[in-house]
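Take a look at the structure set out below.
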DNA sequence: CTGAAAGCGCTTACAG
DNA sequence: CTGAAAGCGCTTACAG
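Quick look at the structure:
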C-alpha cells in the first residue's frame with residue numbers, strides 16, 4: 002500500500018539496488034540517475050521503511066533511555082524532565098530518535114532493557130541513575146552493548162559515564178556554610194544505595210574534617226528525594242538538644258521541605274537554620290527566602306550523555322570515558338547571613 | 002550472532018513456523034512441543050527481533066509522542082514532565098514502548114511525524130498541544146493514521162481528543178474571584194494561536210458578563226507560558242490608573258511571575274491583588290502566599306490519552322471521541338481574603 | 001497439529 | 001556506473 006523502493010525503481014526504469022544506493026548517497030551513481038530517482042521519489046511520496054532498513058543494516062538510529070523505576074515520584078522533581086530535555090535535544094539534532102522505557106521493579110527494568118537490546122530496537126542506551134551493584138549495567142556490560150551512565154559505577158569503573166564531581170560539590174556546599182561561620186552543620190542525605198548519596202556524604206564529611214569540625218552522627222539523616230524527607234529531617238533536627246545551625250540537603254526539593262517545615266514552625270531562614278541544596282531547580286530560586294543551591298548542570302548532563310552515546314554507537318573514538326560536568330554554587334539568601342539579623 | 006527462530010527450531014527438531022506459532026501462542030500447537038520449544042528458547046536465550054516482526058506484522062507496539070517545538074521552554078513548566086509521566090506509565094502498562102520526537106519549526110515537526118508514520122516506526126501518535134490550523138493534524142488525518150490530541154481542534158472536530166473543559170475552568174476561576182467580592186478582574190492569557198488560550202479567555206469573559214462586570218480591554222494581556230510574561234503583565238497592570246484588583250493567569254508559572262513582581266515592589270497578595278492560576282503545579286502550593294489554582298489533572302490527561310490511543314490502535318471501539326478530564330479549583334491564600342487585612 | 005514456501009522492504013557483496 | 005541475487009528474521013496462508 003505504501004510506496005516502496007521497487008515502485009520507485011520501476012517508474013524510474015532502474016533496479017531497486019540503484020534506488021537504494023541513491024538513498025544512501027552511494028558515490029558511484031551517475032548524477033543523471035540520481036536526479037531522476039530523487040525526482041520520482043519526491044513525486045511518489047516515497048519514504049523508507051525504517052523496519053526493513055533496520056533489519057538488514059542492524060542499526061536503528063534510535064537510542065533508548067531507561068527511566069528509573071521510581072520515575073513516578075522522581076518526575077515530580079525537575080531533574081528528570083530537565084535531563085530528558087537535554088537528551089532529546091541533542092539526539093534529535095544528531096538524527097536519532099529517542100525511545101523511553103521503564104519498569105516497576107529491578108527485574109522489570111532488566112527485562113525492559115533486554116527487550117530493547119536483544120530485540121534490536123535501539124543502538125545504545127542511557128541509564129539515568131547509578132545504584133550499587135546494578136544488574137542492568139551488568140547485563141549491558143556482558144552484552145557489550147553501547148551505553149552511558151549518568152552517574153558513576155563503583156563496580157564497573159571503565160564504562161562510559163557522565164557525572165558531576167559530587168564529592169567536590171558537597172565539599173563546596175559545606176565549605177560555603179563553614180565560611181559563613183557555621184560549626185554545627187548537618188546533612189540530609191538520599192537513599193543510601195545511590196552512589197550520589199554516598200559521594201555527597203563523603204564531600205560533606207571531608208569538608209567538616211578539614212575544618213576540624215565535629216560531626217555528630219545525629220546530624221546526618223537519610224531519606225528520599227522528596228519534600229517529606231526534608232520535613233521529617235527538619236523536625237528531627239529541631240528537637241535535638243544540640244542542634245545544627247546549618248544543613249546541606251541532597252536535593253533542592255528536600256531543602257524545600259526543610260524550609261517549609263521551618264516556616265510553619267515559625268523559625269527563620271537563614272537566622273535559625275541556614276540551608277544549601279543541590280540541582281538549582283526553579284523552586285530554589287522562587288522560594289522565600291530563595292534557597293542556595295549547587296547547580297549541577299542537569300541539561301548539560303543529558304546533552305552530553307546523548308552526545309557521548311551517539312559517538313560510541315557510531316564507533317567514533319571517545320577521548321574520555323568519564324566526563325565530569327562542572328558544578329557551581331549559587332549562593333542565595335537561605336545561606337547568607339544578612340546584617341539586618 | 003544472536004539466536005534466531007531458526008536456531009531454536011533446529012535444536013528443537015521442529016520447523017521455524019512452529020517456533021513462531023509457539024511464540025505467538027497459536028492455539029493449535031500440541032502442549033508437548035510448546036513446552037519443549039519454550040524450554041529451548043529459554044535455554045538458548047532467544048529474544049525475538051522486533052524489527053523483523055514489525056516488518057511482516059506491520060505493527061510496532063510503539064506509540065509516538067510529539068513534543069511541541071518549544072519543548073525547551075515548555076519543559077521548564079512541569080506540565081510536560083507530568084503529562085509524559087502519565088503517558089509512559091500507561092503505555093508501559095499496556096506493553097507499548099514510547100518514542101519521543103520533536104522539531105524546531107513547524108516543517109520540522111511535520112517531517113518528524115512523517116518519518117514516524119511513513120517509516121512505520123509507530124502504531125499511533127499523541128499530540129501534546131493544539132494550535133489553530135495545524136499541518137501535523139492535517140497530515141495525520143489525511144493518512145488516516147491513529148492519533149489522539151491532548152487539547153481541542155477547531156478544524157477537525159471529529160478526531161480523538163482528550164482535553165479539559167477550559168471554558169468552564171476559566172469560568173470557575175473567574176467566578177471564584179467574583180465571589181470574593183472582586184469587580185475589576187484581569188486576565189493574563191497565553192499565546193493567542195493556542196486553543197487553550199482562546200478557551201480560557203472565553204470562560205473568563207463569560208463569567209464577567211454574567212456578573213454584569215465591566216471588561217476593560219487593558220485588563221487583558223497575552224504572553225507566553227513563562228514567568229517573565231507574568232512579571233511584565235504585572236508591571237503593566239500596576240501602572241494602570243484604574244487597575245484590576247484580581248487576576249486570572251493562564252498558567253501557574255505566569256501567576257508566579259506576577260506574584261514575584263508584586264512581592265519585589267512591596268505589594269501584598271491577596272490584599273493588593275488576588276490571583277488564580279491553572280495547572281496546580283508544585284510551585285503554586287509552595288509559593289508564599291500559596292497560589293490558588295485550577296487543577297486540570299495533567300497526569301490524567303496523559304494517562305487517558307495513551308489509553309485512548311492504544312485502544313484506537315488495537316481497533317477497539319471508542320465510546321467517546323472527546324474525553325473531558327475534570328478540573329477543580331484549589332483555593333489558597335492568594336485569592337482568599339483573610340480577616341487580618 | 002505441523003511443515004515448506006513465499007514474502008515483508010530493504011542492503012550489499014559479486015559481477016560485469 | 002548498474003543489475004541480479006541472496007539474505008536480514010520473522011509471519012502466515014496453503015497444504016497435508
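Residue numbers (this note's numbering), protein chains in the order written: chain A, 2 to 342; chain B, 2 to 342. For glycine and all other residues, C-beta sits at the position ideal for the given N, C-alpha and C.
Inset, instruction - Please list, in chain order, all residues of the same chain as residue 38 (chain A) whose beta carbon is under 6 angstroms from its beta carbon, the five residues on each side excluded. - result: The residue labelled residue 38 (chain A) in the question sits at position 37 within the first chain. So the list reads 13, 20 and 23, once near-sequence residues are dropped.
Legend entry - residue 127 (chain A): first and last residue of the uninterrupted beta strand (DSSP E) it sits in: Looking up residue 127 (chain A) in the first chain gives position 126. First-last of the beta strand (DSSP E) with residue 127 (chain A): 125-128.
Legend entry - Pairwise C-alpha distance: residue 109 (chain B) and residue 34 (chain A): Along the first chain, one-based indexing puts residue 34 (chain A) at 33. Along the second chain, one-based indexing puts residue 109 (chain B) at 108. Approximately 28 angstroms between the Cα atoms of the pair.
Inset, instruction - Please classify residue 123 (chain B): is it buried, with 16 or more other beta-carbons within 10 angstroms of its beta-carbon, or exposed? - result: Position 122 of the second chain, counted from the first residue, corresponds to residue 123 (chain B). Under this definition residue 123 (chain B) is a buried residue.
Inset, instruction - Please find out if some non-hydrogen atom of the ligand GDP comes closer than 7 angstroms to the beta-carbon of residue 320 (chain A). - result: For the ligand GDP, the structure offers nothing, since it holds no ligand at all.
Inset, instruction - May I ask you to report which of helix, strand or coil DSSP gives residue 317 (chain A)? - result: Within the first chain, numbered from 1, the residue matching residue 317 (chain A) stands at position 316. DSSP places residue 317 (chain A) in coil when its eight states are reduced to three.
Inset, instruction - Apply the 10 Å Cβ neighbour rule to residue 292 (chain B) and answer buried if 16 or more other Cβ atoms are within range, or exposed otherwise. - result: Reading the second chain from its first residue, position 291 is the one you call residue 292 (chain B). Within a 10 Å sphere around the beta-carbon of residue 292 (chain B) sit 16 or more other beta-carbons, which makes this residue buried.
Inset, instruction - Run the CB neighbour count on residue 165 (chain A), radius 10 Å, all protein chains shown included, and call it buried at 16 or more, exposed below. - result: Along the first chain, one-based indexing puts residue 165 (chain A) at 164. Classification of residue 165 (chain A): buried, given that the 10 Å Cβ count is 16 or more.
Inset, instruction - Quickly, what does DSSP pair residue 101 (chain B) with across the bridge? List them, please. - result: On the second chain, residue 101 (chain B) is found 100 positions in, with the first residue counted as 1. According to DSSP, which records beta bridges pairwise, residue 101 (chain B) is partnered with A:99 and B:66.
Legend entry - 8 angstroms Cβ cutoff met for residue 229 (chain B) and residue 193 (chain B): For the purposes of this step, residue 229 (chain B) is taken as residue 228 along the second chain, with counting starting at 1. For the purposes of this step, residue 193 (chain B) is taken as residue 192 along the second chain, with counting starting at 1. Taking a C-beta distance under 8 angstroms as the contact criterion, residue 229 (chain B) and residue 193 (chain B) do not qualify as a contact pair.
Legend entry - Contact between the stretch 87-94 of chain A and the stretch 41-54 of chain A (3+ Cβ pairs under 8 angstroms): The stretch 87-94 of chain A, when compared against the stretch 41-54 of chain A, does not touch it at the 8 angstroms Cβ threshold.
Inset, instruction - Compute the Euclidean distance between the alpha carbons of residue 18 (chain B) and residue 43 (chain B), then round it to the nearest angstrom. - result: Residue 18 (chain B) sits at position 17 when you count from the first residue of the second chain. Residue 43 (chain B) sits at position 42 when you count from the first residue of the second chain. Cα-Cα distance, rounded: 18 angstroms.
Inset, instruction - Can you check DSSP and say which residues form a bridge with residue 165 (chain A)? - result: In the first chain, the residue the question calls residue 165 (chain A) occupies position 164. In the DSSP output, where bridge partners are listed per residue, residue 165 (chain A) has A:326.
Legend entry - Residues that residue 270 (chain B) bridges to, as DSSP identifies them: For this step, residue 270 (chain B) is matched to residue 269 along the second chain. Answer is none; residue 270 (chain B) lacks a bridge partner.
Inset, instruction - Assign residue 309 (chain A) to one of two classes, buried (16 or more other C-beta atoms within 10 Å of its C-beta) or exposed (fewer than that). - result: Counted from its first residue, the first chain places residue 309 (chain A) at position 308. Counting Cβ neighbours within 10 Å, residue 309 (chain A) comes out buried, since at least 16 surround it.
Legend entry - For residue 6 (chain A), the residue or residues it bridges with in DSSP: Residue numbering aside, residue 6 (chain A) sits at position 5 when the first chain is read from its first letter. Answer by DSSP bridge pairing: none, since residue 6 (chain A) is not bridged.
Inset, instruction - Mind checking which residues open and close the alpha helix (DSSP H) that includes residue 197 (chain A)? - result: Here residue 197 (chain A) refers to the residue found at position 196 of the first chain. Note, residue 197 (chain A): alpha helix (DSSP H), 196-211.
Inset, instruction - Verify the CB distance criterion: does residue 314 (chain B) have a CB-CB separation below 8 angstroms to chain A? - result: For the purposes of this step, residue 314 (chain B) is identified with residue 313 of the second chain, where counting begins at 1. Cβ-Cβ to chain A under 8 angstroms: no for residue 314 (chain B).
Inset, instruction - Please confirm if residue 284 (chain B) has its CB atom under 8 angstroms from at least one CB of chain A. - result: As a position in the second chain, residue 284 (chain B) is number 283, starting the count at 1. Taking Cβ atoms only, chain A reaches closer than 8 angstroms to residue 284 (chain B), which makes this a yes.
Legend entry - Contact under 8 angstroms by Cβ, residue 1 (chain A) with residue 252 (chain A): Missing from the structure shown is residue 1 (chain A); chain A here goes from 2 to 342 and no further.
Legend entry - Under 8 angstroms between C-beta atoms of residue 196 (chain B) and residue 269 (chain B): Here residue 196 (chain B) refers to the residue found at position 195 of the second chain. Here residue 269 (chain B) refers to the residue found at position 268 of the second chain. At a Cβ-Cβ threshold of 8 angstroms, residue 196 (chain B) and residue 269 (chain B) do not count as neighbours.
Legend entry - Three CB pairs or more closer than 8 angstroms across the stretch 102-118 of chain B and the stretch 113-131 of chain A: No, they do not touch.
Inset, instruction - Pick out whichever of A:242, A:65, A:256 and A:105 has its Cα sitting closest to the Cα of residue 174 (chain A). - result: The sequence position of residue 174 (chain A) within the first chain is 173, counting from 1. Ranked by Cα distance from residue 174 (chain A), the first of A:242, A:65, A:256 and A:105 is A:256.
Inset, instruction - Return the first residue and the last residue of the alpha helix (DSSP H) that residue 282 (chain B) is part of. - result: Locating residue 282 (chain B) in the second chain gives position 281, where the first residue counts as 1. Taken as a continuous stretch (DSSP letters only), residue 282 (chain B) belongs to no alpha helix (DSSP H), as it is neither H nor E.
Inset, instruction - Give the secondary structure of residue 118 (chain B) by DSSP, where H, G and I count as helix, E and B as strand, and everything else as coil. - result: As a first step, residue 118 (chain B) is located in the second chain; it is residue number 117 there, counting from the start. Looking at residue 118 (chain B) - three-state DSSP - the assignment turns out to be helix.
Legend entry - is_contact[residue 281 (chain B), chain A] using C-beta, thresh 8 angstroms: On the second chain, residue 281 (chain B) is found 280 positions in, with the first residue counted as 1. With 8 angstroms as the cut-off, residue 281 (chain B) does not count as an interface residue toward chain A.
Inset, instruction - Select from A:316, A:100 and A:138 the residue whose C-alpha is nearest the C-alpha of residue 107 (chain A). - result: Looking up residue 107 (chain A) in the first chain gives position 106. Of the candidates A:316, A:100 and A:138, A:138 places its Cα closest to the Cα of residue 107 (chain A).
Legend entry - Assigned exposure category for residue 326 (chain A) - 16 Cβ within 10 Å defines buried: Along the first chain, read from residue 1 onward, the residue named residue 326 (chain A) stands at position 325. Sixteen is the threshold: when 16 or more other Cβ atoms of the shown chains lie within 10 Å of the Cβ of residue 326 (chain A), as they do, the residue is buried.
Legend entry - Cβ of residue 119 (chain A) within 8 angstroms of any chain B Cβ: As a working mapping, residue 119 (chain A) is identified with position 118 in the first chain. Judged by the 8 angstroms Cβ criterion, residue 119 (chain A) is in contact with chain B.
Inset, instruction - Go ahead and label residue 7 (chain A) buried or exposed: buried means 16 or more other beta carbons lie within 10 angstroms of its beta carbon, across all protein chains shown. - result: For the purposes of this step, residue 7 (chain A) is taken as residue 6 along the first chain, with counting starting at 1. Counting Cβ neighbours within 10 Å, residue 7 (chain A) comes out exposed, since fewer than 16 surround it.
Legend entry - Three-state secondary structure assigned by DSSP to residue 288 (chain A): For the purposes of this step, residue 288 (chain A) is identified with residue 287 of the first chain, where counting begins at 1. Of the three classes helix, strand and coil, the one that applies to residue 288 (chain A) here is coil, per DSSP.
Legend entry - Beta carbon of residue 82 (chain A) nearer than 8 angstroms to that of residue 82 (chain B): Locating residue 82 (chain A) in the first chain gives position 81, counting from the first residue. Locating residue 82 (chain B) in the second chain gives position 81, counting from the first residue. Contact flag set, yes.
Legend entry - Cβ neighbours of residue 280 (chain B) in the same chain (closer than 7 angstroms, five flanking residues each side left out): For the purposes of this step, residue 280 (chain B) is taken as the residue at position 279 of the second chain. 80, 252, 253, 294, 297 and 299, listed in sequence order.
Inset, instruction - Output, in chain order, the set of chain A residues within a Cβ distance shorter than 9 angstroms of residue 100 (chain B). - result: If you number the second chain from 1, residue 100 (chain B) lands on position 99. Neighbours of residue 100 (chain B) on chain A, chain order: 63, 98, 99, 100 and 101.
Legend entry - Residue environment, residue 167 (chain B), which counts as buried when at least 16 other CB atoms sit within 10 Å: Numbered from 1 along the second chain, position 166 holds the residue referred to as residue 167 (chain B). With 16 or more other Cβ atoms from the protein chains shown falling within 10 Å of its own Cβ, residue 167 (chain B) counts as buried.
Inset, instruction - Answer with yes or no whether the minimum CB distance from residue 257 (chain A) to chain B is below 8 angstroms. - result: Looking up residue 257 (chain A) in the first chain gives position 256. Answer yes: the Cβ-Cβ gap between residue 257 (chain A) and chain B drops below 8 angstroms somewhere.
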